[in-house]
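Enquirer: Counting the sequence shown from 1 gives a position; my numbering is that position plus 451.
Here a beta-carbon is modelled for each residue, glycine too, at the ideal position from N, C-alpha and C.
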Amino acid sequence: MSFVDYTANDIACEAYVARPAGAGPHPTVLIAPTVRGPTQLEHDKADALAAEGYRAIVLDHYGKSERDLGDRAMALMNGLLSDRALLRERLLAHLAFAQGLDGVDRDRIAIVGYCFGGLCALDLARTGTDAIRGAVAIHGVFSQPELGPQPPIKAKVLVLHGWDDPIALPDAVLGLTRELTEAGADWQLHAYGHTVHGFTNPEAAVAGRVMYNADADRRANAALSYFLMEVLA
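(1) Determine the direct distance from the alpha carbon of Leu-570 to that of Val-563, and round the result to whole angstroms.
(2) Compute the beta-carbon to beta-carbon distance between Thr-651 and Tyr-565, rounded to the nearest angstrom, for a pair I have assumed lies under 8 Å.
(3) At 4 residues or longer, and completely inside the stretch 605 to 683: list those alpha helix (DSSP H) runs for me, N to C.
(4) So what's Leu-481 in DSSP terms, helix, strand or just coil?
(5) Name, in chain order, the residues that DSSP records as bridge partners for Asp-456.
(6) Taking just the CA atoms, how far does Pro-603 sit from Glu-580?
(7) Just mark Met-528 as buried or exposed, buried being the case when its beta carbon has 16 or more other beta carbons within 10 Å.
(8) What does the Cβ neighbour count give for Asp-553, buried or exposed, with the cut at 16 atoms within 10 Å?
(9) Using the beta-carbon count (16 or more within 10 Å), is Ala-502 buried or exposed?
(10) Rounded to whole angstroms, what is the Cα-Cα separation between Val-682 and Asp-522?
(11) Would Leu-531 and Leu-538 be called neighbours here (beta carbons separated by less than 8 Å)?
(12) The beta strand (DSSP E) with Asp-558 in it runs from where to where?
(13) Can you tell me the Cα-Cα spacing of Leu-611 and Met-662, whole angstroms?
(14) Secondary structure at Gly-569, three-state DSSP: helix, strand or coil?
(15) Measuring CA to CA, which of Gln-601, Phe-454, Gly-644 and Gly-659 is closest to Gly-635?
(16) Please state if the CB of His-477 and the CB of Pro-471 are separated by a distance shorter than 8 Å.
(17) Taking the alpha-carbon positions, what's the Lys-607 to Asp-637 distance?
(18) Between which two residues does the beta strand (DSSP E) carrying Arg-506 extend?
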């Protein structure tokens, strides 16, 4: 495990890279963090993926100078949400960085995102790139980028969603499914009842809004593992 410096849109970034045992190149999973940027939570998830045989790379939304964000996290996220073209450019820069790393199998890359990172995973798929095989949004945000005509989505898409998530209401979920269908995506949606936002984060504890759910977390991990085996085989 190591930290690797890189640049995305002239922003100095720092990725956390977890490496599996054995010689590469390895199938690779990009991890797009929550609104709070890369934290120990994402590092732990990267380590778990490395134990399953994947090279896992935690991306850096805001730059290496932005850590321990506290209340600033929302402002940084909203800055990118207000400029989805910039966000798209940054995501493509993250992808280019990952493709250039030693040990990465360029033909077997997927992205997994949590919360704001789920939107990032979807936005990377929305570019129409064929450089990723799969995109996973876990308790994600579903708003469309509105950057002109949507090209065909070539990556397979998995959405793992808490049905009672106040950040992604049923109308938004249905809107996403229509969008993915119209873009010709191979998509699937797993919705977990009695589950709100942040259900994979053991530290989430805001009743009715952001709350860990052990059952949903276990089921989502199983669905993620199967999906990655399918798309990165």
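Expert: Considering the structure as presented:
(1) As a first step, residue 563 is located in the sequence shown; it is residue number 112 there, counting from the start. As a first step, residue 570 is located in the sequence shown; it is residue number 119 there, counting from the start. Rounded to the nearest angstrom, the gap between the Cα atoms of Val-563 and Leu-570 is 10 Å.
(2) Residue mapping note: residue 651 aligns to position 200 of the sequence shown, counting from 1. Residue mapping note: residue 565 aligns to position 114 of the sequence shown, counting from 1. Their Cβ separation, rounded to whole angstroms, is 7 Å, which keeps Thr-651 and Tyr-565 in contact under 8 Å.
(3) The DSSP assignment places complete alpha helix (DSSP H) segments of no fewer than 4 residues inside the stretch 605 to 683 at 621 to 633 and 665 to 682, in order along the chain.
(4) Position 30 of the sequence shown holds residue 481. The three-state reading of DSSP puts Leu-481 in strand, counting E and B together.
(5) Indexing the sequence shown from 1 puts residue 456 at position 5. Within the DSSP secondary-structure output, Asp-456 pairs in a beta bridge with Glu-465.
(6) On the sequence shown, position 129 is the one that residue 580 refers to. On the sequence shown, position 152 is the one that residue 603 refers to. According to the sequence displayed, residue 580 carries Thr and not Glu. Thr-580 and Pro-603 have their C-alpha atoms roughly 9 Å apart.
(7) Mapped onto the sequence shown, residue 528 falls at position 77. The residue in question, Met-528, is buried, as its Cβ has 16 or more Cβ neighbours within 10 Å.
(8) The residue you call residue 553 lines up with position 102 of the sequence shown. By the C-beta density criterion, Asp-553 is exposed, having fewer than 16 other C-beta atoms within 10 angstroms.
(9) In the sequence shown, counting from the first residue as 1, residue 502 sits at position 51. Exposed: under 16 other Cβ atoms inside 10 Å.
(10) Here residue 682 refers to the residue found at position 231 of the sequence shown. Here residue 522 refers to the residue found at position 71 of the sequence shown. Cα-Cα distance, rounded: 37 Å.
(11) For the purposes of this step, residue 531 is identified with residue 80 of the sequence shown, where counting begins at 1. For the purposes of this step, residue 538 is identified with residue 87 of the sequence shown, where counting begins at 1. Taking 8 Å as the cut-off, the Cβ atoms of Leu-531 and Leu-538 count as close.
(12) As a working mapping, residue 558 is identified with position 107 in the sequence shown. Unbroken beta strand (DSSP E) run through Asp-558: 555 to 565.
(13) In the sequence shown, the residue the question calls residue 611 occupies position 160. In the sequence shown, the residue the question calls residue 662 occupies position 211. Taking the straight line joining both Cα atoms gives about 15 Å.
(14) Reading the sequence shown from its first residue, position 118 is the one you call residue 569. Three-state DSSP puts Gly-569 in a helix.
(15) Residue numbering aside, residue 635 sits at position 184 when the sequence shown is read from its first letter. Shortest Cα-Cα distance from Gly-635 to any of Gln-601, Phe-454, Gly-644 and Gly-659 involves Gln-601.
(16) Within the sequence shown, numbered from 1, the residue matching residue 471 stands at position 20. Within the sequence shown, numbered from 1, the residue matching residue 477 stands at position 26. Yes, Cβ-Cβ distance for Pro-471 and His-477 is below 8 Å.
(17) Start at 1 with the first residue of the sequence shown, and residue 607 comes out as number 156. Start at 1 with the first residue of the sequence shown, and residue 637 comes out as number 186. C-alpha separation (whole angstroms): 5 Å.
(18) In the sequence shown, the residue the question calls residue 506 occupies position 55. The continuous beta strand (DSSP E) containing Arg-506 extends over residues 506 to 509.
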